[in-house]
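What follows is a short report on a single structure.
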C-alpha cells in the first residue's frame, strides 16, 4: 500500500497528498495488487465513492501506467469488462506525463508559509516521498533545507496523521515538541489542559525526564536573560540615535 501511494493524483496529475484507492473494493474481494490500486487526490477520491467518477476511467489510467490493455486490467482485478468504455478528458488519460520530482518538491517549497496547515501538508508529502524510498537527507539536500526540517515535519505528521488526533487550540510547534516523546498524544493533552506554551511544554517534558538537569537549564536561561536585559538597558542609557531607535523598537514590540 505504501509503495502504491504517489505524491500526486494519477487522474488529474496534480501534486498532492494522495489517497490510495482500490478500484475493486476490498469488501468485494479486491486485492492489494498494482492493477487494483491508484493514487487519487482527496477530492477525487471522494467523487469516486460518491459515484461521480466512473471507476472504468480509473481502469484506463492504471492500464496506461502498467502498460496493459484496459481489458487485461479488468481481468486481473476481477471486474467485468464493460460493453462501452466511458469517455474522459482527465490529464491522466491523455498524453501528459506525471509531474516530475522537481514539480513535486516545488509544491513542498511553495507551502513554505508560517501556517500550521501548510506544515501538516508538507509533512504528509514528505512522508509519502520517504515511503517511496527517498532518504530524508536527500530530500533535505534537494529542498535546500536542513535535515531537521524534513525530520521534524515527517515525525510530527506520523505522530498525528489525522486531523482528529490533533489539538486545534495548540500550534504545530506544540505537536512537534510532543512528537519527540514516547507519548505524543498524552503530552499534547496535558499541554491543552494546562494551557502551556511550547516552552512550558518543553520544560515539563524535560523535568519528567531529568528534574535536576531541567532546573539547571532554567537557571542558566534566567542568568542569560538577566545579562541580556542589563546589556539592552545600558545601550539605551548611552543615548544617541541607536539607543533611541532601540528604545522605540522595544516599545513597539512590547505594546
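Residue numbers (the working numbering): 373 to 627. Just so it is clear, CB atoms sit at the ideal spot from N, CA and C, and this is done for glycine as well. No experiment lies behind these values; they were computed from the predicted model shown.
- Secondary-structure assignment with DSSP links residue 392 through a beta bridge to 411.
- Secondary structure within the segment 495 to 554: the alpha helix (DSSP H) runs of 4 or more consecutive residues, fully enclosed, are 508 to 515, 519 to 531 and 544 to 551 (chain order).
- Shown here, residue 387 sits in a strand according to DSSP, grouped into three states.
- Here residue 441 has 435 as same chain residues with Cβ atoms under 7 Å from its own Cβ, once five neighbours each way along the sequence are excluded.
- Sequence-distant Cβ neighbours of residue 447 in its own chain, meaning closer than 8 Å and more than five residues away, are 453.
- One alpha carbon belongs to residue 493, the other to residue 544, and they sit about 11 Å apart.
- Looking at the DSSP output, residue 428 shares a beta bridge with no other residue.
- Of the residues 428, 596 and 455, the one whose Cα lies closest to the Cα of residue 462 is 428.
- Taking a contact to require three or more Cβ pairs closer than 8 Å, the segment 507 to 520 and the segment 538 to 552 do not qualify as touching.
- Distances from the alpha-carbon of residue 508 to those of 490, 527 and 491 put 527 closest.
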